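Going by the numbering used here, 18 is the number at position 23 of the sequence shown; the sequence numbering is gapless. Beta carbons: idealized from backbone N, C-alpha and C, even for Gly. Model, not experiment: these values are computed from the prediction. This report concerns only the one structure given below.
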Amino acid sequence: MKIKTGSVKRLWKEHNLYRQEALQFKVKYDKLVAEGADEWDIKNAKKVLEEGERMIPDSENRLAKAVIELRELVVYARTVPAFKDDADLTAAETQLQEANV
């Protein structure tokens, strides 16, 4: 359960990082276009922006898969009396809430 919780936490951070980077790339691209920068700079910025935007769906899919696996594990753990006050179960539930899922 610790491993799955850690995976969701890492993937959540990664997904947010990709979204932030894509936003930064978009701002940079728009600035270059507005300033009438060199064609090569604009083309390169667009390429970087598109690459950043392609990472978002991939990270979202990996996060969704990890969340499903963790949620299934949490549902099972709730049915086992030994996990009633388990810190790992609590951490997993907290991480699922943080991931807004």
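- Around the beta carbon of Ala40, 16 or more other beta carbons lie within 10 angstroms, which makes this residue buried.
- Between Ser54 and Glu9, the C-beta spacing is below 9 Å.
- If only complete runs of 4 or more residues are kept, the stretch 7 to 71 shows no alpha helix (DSSP H) anywhere.
- A contact between stretches requires three or more CB pairs, one per stretch, nearer than 8 Å, and the stretch 58 to 69 fails this requirement with the stretch 14 to 29.
- When the five nearest sequence neighbours on each side are left out, the beta carbons in the same chain lying within less than 8 Å of the beta carbon of Lys(-1) are those of Ala61, Glu64, Leu65, Leu68 and Ala87, in order along the chain.
- For Gln15, the closest alpha carbon among the candidates Leu44, Met(-4) and Gly1 is that of Leu44.
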